[in-house]
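In this note's numbering, the protein residues as written are 1472 to 1645. Yeah, the Cβ is synthetic: ideal placement off N, Cα and C, and Gly gets one too.
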């Protein structure tokens, strides 16, 4: 039976296409080694990784600290690699917050643009974090929480901007 407007593709081929599409357009950023602490100050630190093939395995560390009762980092902060930024969209405690991570990278798989005007991608991912993923240790001087062993977070990319560097320079930073 034929259906107008559709091609019949084997399941194996369909899975192969889907895998290739996912590989070249990662839908998330991985977050490893997420640690939080509360004593006189709050602190958050983590490792962010972009699995997109065009980003060539880009990875960085991000961190911030602020006084208890003070303002949490609600505007974007630069990570160790300045192509990465992050912020907290909301924060209740060391095990309850929303993480926003942005990464801008040169897409090594795109050959449309010239060397003088290369193709860049900016992905922004958001994810809520809760106590289920943490192991916490309460001590006299505060609370320290780490991800459950062998756990990583995959926070979904909800906004993706791409274009030449001249275009990207016109797009306002988050």
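- Between the segment 1531 to 1539 and the segment 1590 to 1608, the count of C-beta pairs closer than 8 Å stays below three; the two stretches do not touch.
- Every beta strand (DSSP E) stretch that sits fully inside the segment 1502 to 1554 and reaches 3 residues is listed by chain position as 1512 to 1520, 1530 to 1538.
- From the listed residues 1527, 1632, 1631, 1608, the smallest Cα separation to residue 1506 is found for 1608.
- Non-local beta-carbon contacts of residue 1545 in its own chain, meaning distances under 7 Å to residues more than five positions away in sequence, involve 1558, 1559 in chain order.
- Between the C-alpha atoms of residue 1548 and residue 1556 there is a straight-line separation of about 5 Å.
- Residue pairing of residue 1567 in beta bridges, as defined by DSSP: 1564.
- The beta carbons of residue 1600 and residue 1570 sit closer together than 7 Å.
- Rounded to whole angstroms, the separation of the alpha carbons of residue 1501 and residue 1517 is 10 Å.
- Rounded to the nearest whole angstrom, the C-alpha separation of residue 1597 and residue 1616 is 20 Å.
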